[in-house]
């Protein structure tokens, strides 16, 4: 497809379970970002991948959160031992060449709505 | 540290009214970019505009216009002759000299009533 694709669109799981969220960026986009949006809130940065560089994990809220990306393709965000406060929409975005000289717009997927019971 | 403040949590207007959404930012960087995104009820974030810190010219795109003033660290967004389809949450965001992650404001929910 032409846009950023995320799956699943909705996920309901029990507290304590692990979940894996997937993001397919726009083809050719080197930068990929994960954000979290709690109900009625703004977006919180989680993690950023740029090409083969080490990811910027500065926004991950705890060691229960991790993310991987293979090359410039799909990324997965994993949350282990989920807690109720993890309930949120998780948004993925991708952009062309990053860096302040370009600051290409980030294009967002529709998000995964995660609900922890 | 960077910060984006959208003091207006919710705004309600009647169709055809003009409305301005405020955005104030803080950054120590001399080079930065400012963005506006729209999030309609369907949830997807739609990019509206990007403006770099060296370009203070106001921009107009149809019914949308943006007023960037470095002196007051503001990047306000005006919708002229609002329409029901403009109803959404609007986010202002900033990228600093690191050039990567966006710092978002908390958003302004705009409701346009017929």
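Protein chains in written order, with our numbering: chain A, 456 to 572; chain B, 2 to 115.
Think of the CB as a built atom: it goes at the ideal place given N, C-alpha and C, for glycine as much as any other residue.
Check	Outcome
Span of the beta strand (DSSP E), counted from its first residue to its last, around residue 107/B	Careful: residue 107/B lies outside any beta strand (DSSP E) and carries neither H nor E.
Nearest neighbour of residue 47/B, chosen from 25/B, 59/B, 76/B and 87/B [CA to CA]	87/B
3 or more residues per run - each beta strand (DSSP E) lying fully within the segment 17-86 of chain B	20-22, 25-27, 34-40, 47-53, 60-62, 65-70 and 75-80
Within chain B, the residues that residue 467/A reaches when beta carbons sit closer than 8 Å	Those within 8 Å of residue 467/A in chain B number zero; the least Cβ separation is about 17 Å.
Where the segment 462-491 of chain A meets chain B: residues whose CB sits under 9 Å from a CB there	486, 488 and 490
Unbroken beta strand (DSSP E) run spanning residue 479/A, endpoints	474-479
Neighbouring residues, chain D, relative to residue 497/A (Cβ below 7 Å)	Although the question refers to chain D, the structure presented lacks it and instead comprises the protein chains A and B.
Interface partners of residue 541/A on chain B, CB under 7 Å	Those within 7 Å of residue 541/A in chain B number zero; the least Cβ separation is about 18 Å.
Contact with chain A by residue 57/B, beta-carbon distance below 8 Å	no
Within chain B, the residues that residue 566/A reaches when beta carbons sit closer than 9 Å	44, 45 and 46
Residue 458/A versus residue 29/B: straight-line alpha-carbon distance, rounded	33 Å
Reduced DSSP category for residue 541/A - H, G, I as helix; E, B as strand; rest coil	helix
Bounding residues of the beta strand (DSSP E) (the contiguous stretch that carries residue 524/A)	520-524
Test item: CB-CB of residue 497/A and residue 76/B under 8 Å	no
Inter-stretch contact at 8 Å, needing at least 3 Cβ pairs: the segment 458-469 of chain A / the segment 537-551 of chain A	yes
Reduced DSSP category for residue 569/A - H, G, I as helix; E, B as strand; rest coil	strand
Chain A residues whose Cβ lies nearer than 9 Å to that of residue 23/B	Neighbours of residue 23/B on chain A: none; closest Cβ ~15 Å, over 9 Å.
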